[in-house]
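Right, one structure below, let's go through it.
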Amino acid sequence: MRALGARLMDHFGMHPLFGLTSTLDLFGDAAHRAHYTSVLRYPVLKKSGNYAGDSRIAARPFMRRMIEGSLADELAILTKAWLVPFGPNALRALEHLAAAGRIDETCVRGGLLHPGGQQWNRYNIQLDLVSGDAALAVPGGAEVLRRSAALRSKIDALLRE
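Following this line, the structure appears as structure tokens:
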């Protein structure tokens, strides 16, 4: 997960924002500059397996309490941190907190896939390894392209500052 997460962050140019040669350093020599956490503090099971997330993460009372309680309290300590959520559900949780005024939305650098390794067709899209037509043929490919373009635009603007 670390190697893929760093590859995704580097692909979008986050490493110069962080003053690093590669974001892989955040898991090594620069680990003191990062704080790792999870949107959902505890493992969550759904039916007979792990909860893999869905668009209603903040609408489910149990999960909303974890987001608004544990996560918001933890992030409140990191007042000037850039928040890099991995996956659309983590991004949704941060957007929920931003809409509630609990975090600064300008600190969120969302749009990356979760580096769990189960979505190689989507990683290939996000890493620009397939054509636009091939990307659109993948379920969810259009959304990956949209989120990637938004993140690229945000990072490019920060690099120009």
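For the sequence shown, this note's numbering begins at 1489 and goes up steadily by one.
Backbone N, C-alpha and C define an ideal beta-carbon position, used for all residues, glycine too.
Endpoints, alpha helix (DSSP H) assigned at residue i
i: Ser1636; result: 1629–1648
i: Glu1562; result: 1560–1564
i: Tyr1611; result: 1608–1614
i: Asp1621; result: 1620–1625
i: Arg1544; result: Counting along the chain, Arg1544 falls outside any alpha helix (DSSP H), and DSSP gives it neither H nor E.
i: Phe1550; result: 1549–1554
i: His1523; result: His1523 -> no alpha helix (DSSP H), and no H or E assigned at all.
i: Met1489; result: Premise fails: Met1489 is in no alpha helix (DSSP H) and is neither H nor E.
i: Arg1580; result: 1576–1587
i: His1602; result: Run containing His1602: none; DSSP gives neither H nor E here.
i: Leu1528; result: No alpha helix (DSSP H) holds Leu1528; DSSP gives it neither H nor E.
i: Leu1505; result: 1502–1505
Contact under 7 Å by Cβ, residue i with residue j
i: Ile1591; j: Leu1563; result: yes
i: Pro1603; j: Leu1492; result: yes
i: Arg1648; j: Phe1500; result: no
i: Ala1581; j: Ile1613; result: no
i: Ser1558; j: Arg1529; result: yes
i: Leu1505; j: Ala1518; result: no
i: Ala1560; j: Leu1585; result: yes
i: Leu1601; j: Arg1610; result: yes
i: Ile1512; j: Ala1494; result: Reading the sequence as shown, one finds Leu at residue 1512 and not Ile. Yes; because the gap between Cβ atoms is below 7 Å, this pair is in contact.
Integer-rounded CB distance, given that residue j should sit under 8 Å from residue i
i: Val1527; j: Asn1577; result: 7 Å
i: Ala1569; j: His1520; result: Their Cβ separation, rounded to whole angstroms, is 13 Å, which puts Ala1569 and His1520 out of contact at 8 Å.
i: Ala1623; j: Gly1629; result: 4 Å
i: Met1489; j: Gly1605; result: 7 Å
Identity of the residues DSSP links to residue i by a beta bridge
i: Asn1538; result: Leu1533
i: Val1596; result: Leu1571
- Message: Across the segment 1590–1599 and the segment 1565–1578, are there enough close Cβ pairs to call them in contact, namely three or more that are closer than 8 Å?
- Response: Yes, the segment 1590–1599 touches the segment 1565–1578.
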